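In short: position in the sequence shown from 1, add 2, done, that's my numbering. This report concerns only the one structure given below.
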Amino acid sequence: MSSIVCYIAVSMDGFIATADGGVDWLNPFDDALAGFRDFDASIGASVMGRETYEFMRKHLPPAAPQDRRRTVVLTRRPLGDVPANTTAHAGDIPPLAAELKAAAAGRDVWLVGGGQAIRAFLDADAIDRWRLFVVPVMLGDGKRLLAPGQEGLRAFTLTNTHTFASGVVELVYDRRRA
Ligand SMILES: NC(=O)c1ccc[n+]([C@@H]2O[C@H](COP(=O)([O-])OP(=O)(O)OC[C@H]3O[C@@H](n4cnc5c(N)ncnc54)[C@H](OP(=O)(O)O)[C@@H]3O)[C@@H](O)[C@H]2O)c1
């Protein structure tokens, strides 16, 4: 059974990037990437917001592993020249979530971010698991883990934790459904 997993680094005060989109503040904490290769191997499809997609296109090499999988970019604007495995989506989230799980073919779906894309999936109650890497810094301002939106209680069960030497703590939460 495929899950939609939000695997993301967040500052102690709830930001995923500086106001200009920068993530250099994560560099001293790269020991927390130790499990990324295994996570990446467990992923069959990815979904992200337009801002995150543009950021990754600019900063990651074109042959990055996520480029080989089915990739959906949430955007209300045309994507332009993109690889064949990449499409834009601007409609409802539940059918997209089902389509991504099917495309993942037994693997999981990575909800990459950022805060607006996470908001859309949370509102649709489409996030099955969080892997939150809490980084021991306060950014003070920036891009939020969760963009503003409607209230809605979602309960999760803590299923694992891991503390890294750098002080990053990974918290794994699974959706608790009634
Ligand atoms: N710390 C980490 O591990 C981590 C991980 C991922 C990302 N990030 C950072 O997060 C930042 C981006 O976050 P963000 O919240 O500003 O942006 P985002 O969620 O990546 O992208 C926002 C854009 O996605 C589109 N969008 C969002 N929800 C949509 C919906 N329901 N339907 C259609 N389109 C939708 C819109 O694009 P249009 O305007 O084109 O319609 C919107 O402007 C980047 O700086 C990135 O570096 C950090």
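Backbone N, C-alpha and C fix where the C-beta goes; we use that ideal spot for every residue, glycine too. From a predicted model like this one, the values you see are computed outputs, not experimental measurements.
Residue i to residue j span [Cα, whole Å]
| i | j | result |
| --- | --- | --- |
| Asp42 | Ala100 | 20 Å |
| Pro150 | Asn87 | 30 Å |
| Trp132 | Asp22 | 25 Å |
| Pro80 | Ala167 | 43 Å |
| Gln68 | Asp130 | Low confidence applies to Gln68: its pLDDT is 49, below 50, so where it sits in the model is not reliable, and the reading given next is rough at best. Computed Cα separation, rounded: 20 Å. |
| Ala106 | Asp83 | 23 Å |
| Ala180 | Ser5 | 17 Å |
| Ala19 | Ser13 | 8 Å |
| Ile45 | Val111 | 6 Å |
| Val49 | Arg178 | 22 Å |
| Pro85 | Thr165 | 37 Å |
| Ala128 | Thr159 | 15 Å |
| Asp176 | Leu124 | 13 Å |
| Leu98 | Val7 | 14 Å |
| Arg72 | Arg59 | 15 Å |
Given residue i as reference, the closest of the options once Cα atoms are compared
| i | options | result |
| --- | --- | --- |
| Tyr55 | Ser44, Thr77, Ala47 | Thr77 |
| Val171 | Asn29, Asp33, Ser4 | Asp33 |
| Ile95 | Arg121, Gly116, Asp40, Asp110 | Arg121 |
| Arg39 | Val75, Leu28, Tyr9 | Tyr9 |
| Gly93 | Ala119, Met140, Val7 | Ala119 |
| Leu25 | Leu35, Asp15, Phe57 | Looking at the sequence provided, one finds Val at residue 25 rather than Leu. The candidate whose alpha carbon is nearest that of Val25 is Phe57. |
| Leu134 | Val174, Gln152, Arg109 | Val174 |
Burial state of residue i, where buried means 16 or more other Cβ atoms lie within 10 Å
| i | result |
| --- | --- |
| Gly154 | exposed |
| Leu2 | The question about residue 2 has no answer here: the residues shown for the chain are numbered 3 through 180. |
Beta-carbon proximity check, residue i vs residue j, cutoff 9 Å
| i | j | result |
| --- | --- | --- |
| Phe17 | Pro138 | no |
| Ala157 | Lys103 | no |
| Val114 | His91 | no |
| Glu53 | Gly144 | no |
| Asp15 | Gly108 | no |
Which full runs of the beta strand (DSSP E) of 3+ residues lie inside the segment 11-50, going along the chain? 17-19
key: alpha helix (DSSP H) runs contained entirely in the segment 65-141, provided each spans 4 or more residues   = 95-106, 117-125
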